[in-house]
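Visitor:
Number of protein chains: 2
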Amino acid sequence: MASLTPRREASSSSEKSQTIALIGSGTIGLSFAALHLEKNPTATVTIFDTRPDLYEYITTHLPSYLLDAHTSASWQDRLTLAPTLQKAVEYADIVQEQGPEKLAFKKGVWPEIEKHARGDALFWSSTSGIPASEQNVDMKDKSRLLVVHPYNPPHIMTLLEVVPSAQTTQASINKTLKYWRSLGRTPVVIKKECTGFVANRLAFALFREASSLVAQGVVDVKDLDAIVTSSMGPRWSIAGPFKAYHAGGGEGGLEALMDKIGDTIQDVWEASAKDIEKEKINVGEEWQAMVCKQTEEEYGNIDTKERDFKTRKVLQAVQDKVK
Amino acid sequence: MASLTPRREASSSSEKSQTIALIGSGTIGLSFAALHLEKNPTATVTIFDTRPDLYEYITTHLPSYLLDAHTSASWQDRLTLAPTLQKAVEYADIVQEQGPEKLAFKKGVWPEIEKHARGDALFWSSTSGIPASEQNVDMKDKSRLLVVHPYNPPHIMTLLEVVPSAQTTQASINKTLKYWRSLGRTPVVIKKECTGFVANRLAFALFREASSLVAQGVVDVKDLDAIVTSSMGPRWSIAGPFKAYHAGGGEGGLEALMDKIGDTIQDVWEASAKDIEKEKINVGEEWQAMVCKQTEEEYGNIDTKERDFKTRKVLQAVQDKVK
Chain Z
1 MASLTPRREA SSSSEKSQTI ALIGSGTIGL SFAALHLEKN PTATVTIFDT
51 RPDLYEYITT HLPSYLLDAH TSASWQDRLT LAPTLQKAVE YADIVQEQGP
101 EKLAFKKGVW PEIEKHARGD ALFWSSTSGI PASEQNVDMK DKSRLLVVHP
151 YNPPHIMTLL EVVPSAQTTQ ASINKTLKYW RSLGRTPVVI KKECTGFVAN
201 RLAFALFREA SSLVAQGVVD VKDLDAIVTS SMGPRWSIAG PFKAYHAGGG
251 EGGLEALMDK IGDTIQDVWE ASAKDIEKEK INVGEEWQAM VCKQTEEEYG
301 NIDTKERDFK TRKVLQAVQD KVK
Chain X
1 MASLTPRREA SSSSEKSQTI ALIGSGTIGL SFAALHLEKN PTATVTIFDT
51 RPDLYEYITT HLPSYLLDAH TSASWQDRLT LAPTLQKAVE YADIVQEQGP
101 EKLAFKKGVW PEIEKHARGD ALFWSSTSGI PASEQNVDMK DKSRLLVVHP
151 YNPPHIMTLL EVVPSAQTTQ ASINKTLKYW RSLGRTPVVI KKECTGFVAN
201 RLAFALFREA SSLVAQGVVD VKDLDAIVTS SMGPRWSIAG PFKAYHAGGG
251 EGGLEALMDK IGDTIQDVWE ASAKDIEKEK INVGEEWQAM VCKQTEEEYG
301 NIDTKERDFK TRKVLQAVQD KVK
């Protein structure tokens, strides 16, 4: 199992193995550790976390993230636990942070990391909402920090939203994209630091409409989920909304589709907006307790193992070549 | 190939084969014909359409919908083309309409069908927006008409939105659900005849947000699609939004998740609503031409064969048992 001592020497061979320092080892940290170890078979991963039981915690929980058949057998030899932040980052090519989602923490930790890290290290934050331009204010060199926001859990889901600040250099962006592509992931650059980035904005938009329809009594939670898994889910695994509607329009594409069903789309948008207002679909309003209760009654405790197994199968299916 | 003469005798054996009359043979009609013939191996399908080249049209196009390995070899013997509406419906157990999306057509055709059909036939409309309660106004018996709205193409996608009117009897709903379940499909009852039913309301909500993000220059069409296919698509193939977020909340489920990230969700909803207003994301406004142009440039003509092949693979993957 993992050594408690971080590697003290930087690798210097021409086919250099990368060293990734993970700051924070919650579920995202563990999932990223598994991802780097599995998909980057020469990488060294160093974990720093202030929890006193770190060794026991990692030995207990990390193996369950490593079920993939491609798991490199040598992962134990490539994982170290760092006793201090300084030790964690000093030889790292990449420092990846998934600490508390608090601006004060992020703002404080980067200058500390910067002080001890190499001058050419890349800095990634896994934040789901605090832009790099707010995290970097007290850093000397803001050019190497950017957000790399995963879609949970990152050891299974391939998306990584890459959100640079205005100070992030193109070189830092390019190195980030190159790293993730070499691991077979799907990094996508978000061109503006907008609230929620992109994936959550899309998913929350559908979630709001879904909650509105349940609140109105049009469908229950279970039936709404069945509708999604038997329609949009599979469709959007193969083609995103623009490509899907473009195909739906036949030879004339999306433009023809808009000509044909544009009136219906506009009617739906207007009905949806009216209903969301009427049903008060805002966080903390009445609908929320009802929807949460119905969801709990329907699903109880969920086995994420089954979800993860099936998700891997779906992702494989998408990759299959057409016969 | 298909006979031009409809079957003149109703089947009377105890294991009765069903006769389905399809009114209208556009892409939805052909797709439904393929679905009934493939998944219901004793069904007889009768097609009525006013196009003069019906025989040539069906012989040319229907085979491409029948590529599934489960295709019953006998489908040619079970398909007939009817010379008149009366001939098409007179022995039918089920009359399924996918004619023009115009209220006047639907309102007019049902009394005509009712006149010639059996007294216990089920009547299904494939409309994507005209509720049964508006279609049935001139019918004598409104109890047997309901909407069965597919997610295209129905010979591949499993969802069917079953939308009864207030006059539709529970017996008609039950027979409808039983039929589709026996074909391995996913019929879901929509409890209120709301604008757009459910699947389109959900999909259009996400499409509006997607269009807004592209209009703002946050991502381009291609990157937005890549985000969806590498995150929500696969996730929502396995679990709908409520189940997915319930799992995301860990032991506390959806309620715990809302406690944890509710503020972020509300921030995103408010930012989205503001941006949709600012960018004027309504049908026919400026964003539309830009988004259509970008989509056309990115995708050109789309090979739906590849989409359909991969969709079948994804749907199979979802069914796979956990090892």
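Top to bottom, those sequences are chains Z and X.
Take the first sequence: its position 319, counted from the start at 1, is 319 in full-length UniProt numbering, and no numbers get skipped.
Take the second sequence: its position 240, counted from the start at 1, is 240 in full-length UniProt numbering, and no numbers get skipped.
Heads up, the beta-carbon is just placed ideally off N, CA and C, and yes, glycines get one too.
For clarity, every value in this text was computed on a predicted model and none was experimentally measured.
Assign leucine 254 (chain Z) to one of three DSSP states: helix, strand, or coil.
Guide: Looking at leucine 254 (chain Z) - three-state DSSP - the assignment turns out to be helix.
Visitor: On the DSSP bridge list, what partners appear for serine 125 (chain Z)?
Guide: Note: serine 125 (chain Z) sits in a beta bridge opposite Z:Glu97 and Z:Val147.
Visitor: Do you know offhand how far tryptophan 269 (chain Z)'s Cα is from glutamate 279 (chain X)'s?
Guide: Whole-angstrom Cα-Cα distance: 15 angstroms.
Visitor: Can you say whether glycine 184 (chain X) is buried or exposed, counting buried as having 16 or more other CB atoms within 10 angstroms of its CB?
Guide: With fewer than 16 other Cβ atoms within 10 Å, it is exposed.
Visitor: Against phenylalanine 204 (chain X), what residues of chain A qualify as contacts under a CB-to-CB distance less than 9 angstroms, listed in chain order?
Guide: No chain A is present in this structure, whose protein chains are Z and X.
Visitor: Apart from the five residues just before and just after serine 12 (chain Z), which ones in its own chain have a Cβ nearer than 8 angstroms to its Cβ?
Guide: With a pLDDT of only 43 at serine 12 (chain Z), under the threshold of 50, the placement of this residue in the model should not be trusted; the figure read from the coordinates follows. So the list is empty, once near-sequence residues are dropped.
Visitor: Can you tell me which of Z:Leu206, Z:Gly29 and Z:Ala88 puts its alpha carbon nearest to the alpha carbon of residue 410 (chain Z)?
Guide: What the structure shows of chain Z is the stretch from 1 to 323, and residue 410 (chain Z) is not part of that stretch, so it cannot be assessed.
Visitor: Does methionine 232 (chain X) get closer than 7 angstroms to chain Z when you measure Cβ to Cβ?
Guide: Judged by the 7 angstroms Cβ criterion, methionine 232 (chain X) is in contact with chain Z.
Visitor: Please classify proline 187 (chain X): does DSSP put it in a helix, a strand, or coil?
Guide: In the structure shown, proline 187 (chain X) sits in a strand (DSSP, three-state: E or B).
Visitor: With three or more beta-carbon pairs closer than 8 angstroms as the criterion, would you say the region 180-196 of chain Z touches the region 208-224 of chain Z?
Guide: Contact fails: fewer than three Cβ-Cβ distances are below 8 angstroms.
Visitor: Count the other CB atoms, across all protein chains shown, that sit within 10 Å of the CB of lysine 106 (chain Z); report buried if there are 16 or more and exposed otherwise.
Guide: The residue in question, lysine 106 (chain Z), is buried, as its Cβ has 16 or more Cβ neighbours within 10 Å.
Visitor: Would you mind stating whether glutamate 283 (chain Z) and isoleucine 130 (chain X) have Cβ atoms separated by less than 7 angstroms?
Guide: The sequence given here has valine at residue 283 (chain Z), not glutamate. Their beta carbons are not under 7 angstroms apart, which means valine 283 (chain Z) does not touch isoleucine 130 (chain X) by this criterion.
Visitor: Secondary structure at isoleucine 227 (chain Z), three-state DSSP: helix, strand or coil?
Guide: Looking at isoleucine 227 (chain Z) - three-state DSSP - the assignment turns out to be helix.
Visitor: Please give the ranges of any beta strand (DSSP E) in the region 30-66 of chain Z, keeping only runs that are unbroken, at least 3 residues long and fully inside the region.
Guide: If we require 3 residues or more, the beta strand (DSSP E) runs fully inside the region 30-66 of chain Z come out as 44-48.
Visitor: Consult DSSP for alanine 21 (chain Z) and reduce its assignment to one of helix, strand or coil.
Guide: Looking at alanine 21 (chain Z) - three-state DSSP - the assignment turns out to be strand.
Visitor: Anything in chain Z within Cβ reach of aspartate 296 (chain X), meaning under 8 angstroms, just list it in chain order.
Guide: It should be noted that the sequence gives glutamate, not aspartate, for residue 296 (chain X). Within chain Z, the residues near glutamate 296 (chain X) are His246, Gly253, Leu254 and Glu255.
Visitor: Can you list, in chain order, the residues of its chain whose CB lies under 6 angstroms from that of threonine 176 (chain X), leaving out five sequence neighbours each side?
Guide: Cβ within range, chain order: Val162.
Visitor: Return the CA-CA distance between glutamate 38 (chain Z) and threonine 60 (chain Z), expressed in angstroms with no decimal places.
Guide: Distance between the alpha carbons of glutamate 38 (chain Z) and threonine 60 (chain Z) is about 18 angstroms.
Visitor: For lysine 243 (chain X) and alanine 210 (chain Z), I'd like the C-alpha separation in whole angstroms.
Guide: Taking the straight line joining both Cα atoms gives about 12 angstroms.
Visitor: Which class does glutamate 161 (chain Z) belong to by DSSP, given the choice of helix, strand or coil?
Guide: Here glutamate 161 (chain Z) sits in strand by DSSP.
Visitor: For the alpha helix (DSSP H) containing threonine 176 (chain Z), name the first residue and the last one.
Guide: Counting along the chain, the alpha helix (DSSP H) containing threonine 176 (chain Z) begins and ends at 170-182.
Visitor: To the nearest angstrom, report how far apart serine 165 (chain Z) and aspartate 138 (chain Z) are at their CA atoms.
Guide: The straight-line gap from Cα to Cα measures roughly 14 angstroms.
Visitor: State buried or exposed for proline 52 (chain X), treating a residue as buried only when at least 16 other CB atoms are found within 10 Å of its CB.
Guide: That one is exposed.
Visitor: Roughly how many whole angstroms lie between the Cα atoms of methionine 157 (chain X) and proline 150 (chain X)?
Guide: Answer to the nearest angstrom: the Cα atoms are 8 angstroms apart.
Visitor: Between glutamine 86 (chain Z) and leucine 22 (chain Z), how many whole angstroms is the CB-CB distance? I'm expecting something under 8 angstroms.
Guide: In fact, because the Cβ distance is near 15 angstroms, the residues do not count as touching under 8 angstroms.
Visitor: Look at the alpha carbon of threonine 42 (chain Z) and the alpha carbon of aspartate 267 (chain Z), and state the distance between them as a whole number of angstroms.
Guide: Threonine 42 (chain Z) and aspartate 267 (chain Z): Cα-Cα distance of roughly 55 angstroms.
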